[in-house]
Each structure stands twice: as structure tokens, then as C-alpha cells.
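Undergrad:
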Amino acid sequence: MEPNVLLTIEGQQWNDQDKPQAIRLTTEGRLYRRDPAWYVVYDESTATGMEGTQTTMRIADDGTVSLIRTGSHGMKLTFTAGNRHITRMETPYGDLDVEVYTSLVQTQISETGGYI
811 MEPNVLLTIE GQQWNDQDKP QAIRLTTEGR LYRRDPAWYV VYDESTATGM
861 EGTQTTMRIA DDGTVSLIRT GSHGMKLTFT AGNRHITRME TPYGDLDVEV
911 YTSLVQTQIS ETGGYI
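Put into C-alpha cells, the structure is as follows:
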């Protein structure tokens, strides 16, 4: 699958002391529509520490966003506003329990681009 979009992935994560850490990654990926959702697919790199992993983001028309990772780091997370999601991330070093509370999901996506 040949890349057709340039992705900029930005986020924040908090440590135990509630200090945010900004994260930013630019990579090539693929954007396509398969009703009833948009899909963004890209390969992780050494920059993320997850080389050998493919990430798929599924953006459903109902506003639910799913993050699916396959390969060396496997997991599936679902982001729905107001919900908590618990999953397990498989890594080469062992499994890691992950818990995410989603306060807000905002998406705007079309064949020309958008944001999640």
C-alpha cells in the first residue's frame, strides 16, 4: 500500500506528577474510506520505539475512534467521549496494562485530509 498522505501526530501524556509531555511525529501514511468509517494507516518507526508495528486508526461516523496496533506492539484502544477503556499492550518485553479515559473526541476528516 503506497503512502498518499503526510501525517503529523501530536499529543500529550501526563506522568504521575501531572506534568504534560508533548509528543510530535511526522510520517507518511495511507488515508481511505470504507463505510461507515475513515481509516488512517501508518508504520511506526524507531522514533516511537515501536519499529515493526503498523498502526491503524478507524474514525467511525458516530465519532468513535479506534487505535489498532499490529506487529511487535499489539493492542486495540477505543476512544469514546466520556468512557474509560482498559486494554493490554503486547510488547517484545512483556505485556503492559493500559487504561485511558477519554473526555473529548473531535474529528474532521475527508478525502483531502483533516484532524483527529
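Residue numbers (our numbering): 811 to 926. Glycine is no exception: its CB is placed at the ideal position from the N, C-alpha and C atoms. Please read these numbers as outputs of a predicted model, since none were measured by experiment.
1) State the DSSP-derived secondary structure class of Gly884, mapped to helix, strand or coil.
2) Excluding five sequence neighbours on each side, which residues of the same chain lie with their C-beta closer than 6 Å to the C-beta of Thr888?
3) When the Cα atoms are used, what is the spatial distance from Arg868 to Gln827?
4) Please look up how many angstroms separate the CB atoms of Gly881 and Gly862, rounded, as I've assumed it's under 8 Å.
5) Across which residues does DSSP place Tyr842 in a beta bridge pair?
6) Nearest-angstrom Cα distance between Ser913 and Ala847?
7) Between the Cα of Tyr903 and those of Gly859, Ala870 and Val915, spot the shortest distance and give me the residue it belongs to.
8) Classify Asn893 as helix, strand or coil using the three-state DSSP reduction.
9) Report the partner residues of Val815 according to the DSSP bridge assignment.
10) Give me the residue from Lys886, Arg844, Gln864 and Val915 with the minimum Cα distance to Thr837.
11) For Glu900, which of helix, strand or coil comes out of DSSP?
TA: Result, derived from the coordinates:
1) Reading the sequence shown from its first residue, position 74 is the one you call residue 884. If DSSP states are grouped into helix, strand and coil, Gly884 belongs with the strands.
2) Reading the sequence shown from its first residue, position 78 is the one you call residue 888. Result list for Thr888: Ser876 and His895, in chain order.
3) Position 58 of the sequence shown, counted from the start, is the residue given in the question as residue 868. Position 17 of the sequence shown, counted from the start, is the residue given in the question as residue 827. The C-alpha of Arg868 lies about 32 Å from the C-alpha of Gln827.
4) As a working mapping, residue 881 is identified with position 71 in the sequence shown. As a working mapping, residue 862 is identified with position 52 in the sequence shown. With a Cβ gap of about 5 Å, Gly881 and Gly862 count as contacting.
5) Position 32 of the sequence shown, counted from the first residue, corresponds to residue 842. DSSP output for Tyr842 lists Tyr849 as bridge partner(s).
6) As a first step, residue 913 is located in the sequence shown; it is residue number 103 there, counting from the start. As a first step, residue 847 is located in the sequence shown; it is residue number 37 there, counting from the start. Their backbone Cα atoms lie some 21 Å apart in a straight line.
7) The sequence position of residue 903 within the sequence shown is 93, counting from 1. That would be Gly859, whose Cα lies nearest to the Cα of Tyr903.
8) As a working mapping, residue 893 is identified with position 83 in the sequence shown. In this structure, Asn893 counts as strand in the three-state DSSP scheme.
9) Position 5 of the sequence shown, counting from 1, holds the residue named residue 815. In the DSSP output, where bridge partners are listed per residue, Val815 has Gly839.
10) As a working mapping, residue 837 is identified with position 27 in the sequence shown. Nearest C-alpha to Thr837: Gln864.
11) For this step, residue 900 is matched to residue 90 along the sequence shown. In the three-state DSSP reduction, Glu900 falls in the strand class (E or B).
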